[in-house]
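To start, the structure under review is shown below, and the notes come after it.
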Amino acid sequence: MLPQPDGPVTLQISDGPDSVGGRLTGTAWGRCADLALDQLPTLLGADDEPDTFRPRHRVVAAAHRKHGRLRLSRTGLVMESLVPSALEQRITTGSAHYAWRRLLNRYGEQPPGPAGGDADPAAVRCEPRAALDGR
646 MLPQPDGPVT
656 LQISDGPDSV
666 GGRLTGTAWG
676 RCADLALDQL
686 PTLLGADDEP
696 DTFRPRHRVV
706 AAAHRKHGRL
716 RLSRTGLVME
726 SLVPSALEQR
736 ITTGSAHYAW
746 RRLLNRYGEQ
756 PPGPAGGDAD
766 PAAVRCEPRA
776 ALDGR
């Protein structure tokens, strides 16, 4: 689920050719589905500038060396990223996940789409990149 200004959006990203020759396609559900699909390239790193990227953290630098063109997703939604990060720095990770889940259950909305709030985790998980590459 991807938060948007007018409510949550459920975004499904698939690996495979689309009608214009691209490799990734997206399907979205919710009031801001069109906005989420418009932002999909940015979310997946299409606006990154690899020639100017200089990783300063050793883990990011190692990933950048190993994978060549590291893409970093970007939503432009600062609070939605800031709150979980702040929670994780103030308390243990397990407690942070519990607190974030309680906040979402109390103040959040059910995700839109065909599965609603009862999506089977096995059906919505991301496959490891190696599995997608056939490694």
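Numbering-wise, the numbering used here puts 765 at position 120 of the sequence shown, and it's gapless, one number per residue.
Every residue, glycine too, gets a C-beta built ideally from N, C-alpha and C.
None of these values were measured; they are calculated from a predicted model.
Cβ-based burial, residue i [other Cβ within 10 Å; buried from 16]
i: A775; result: In this predicted model, A775 has a pLDDT of only 45, less than 50, meaning its place in the structure is not dependable; the value taken from the coordinates is given anyway. With fewer than 16 other Cβ atoms within 10 Å, it is exposed.
i: T738; result: exposed
i: G675; result: buried
i: L688; result: buried
i: Q684; result: buried
i: A673; result: buried
Cβ shell of residue i (< 8 Å), same chain only, five flanking positions each side left out
i: R717; result: Residue identity check: residue 717 is Leu in the sequence provided, not Arg. Excluding residues within five positions, the ones whose Cβ falls inside 8 Å are G690 and D693.
i: F698; result: H709 and L715
Closest by C-alpha distance to residue i, when choosing among the options
i: L680; options: T655, R701, P759 and R668; result: T655
i: R714; options: L727, S726, E725 and P700; result: P700
DSSP three-state assignment for residue i, whether helix, strand or coil
i: G739; result: helix
i: P700; result: coil
i: D660; result: strand
Residues near residue i in its chain [Cβ-Cβ closer than 6 Å; skip 5 each side]
i: S659; result: T670
Test item: CB-CB of residue i and residue j under 8 Å
i: P759; j: P653; result: no
i: D696; j: C677; result: no
Beta-carbon proximity list for residue i, same chain, < 7 Å, skipping 5 on both sides
i: W745; result: P729 and L732
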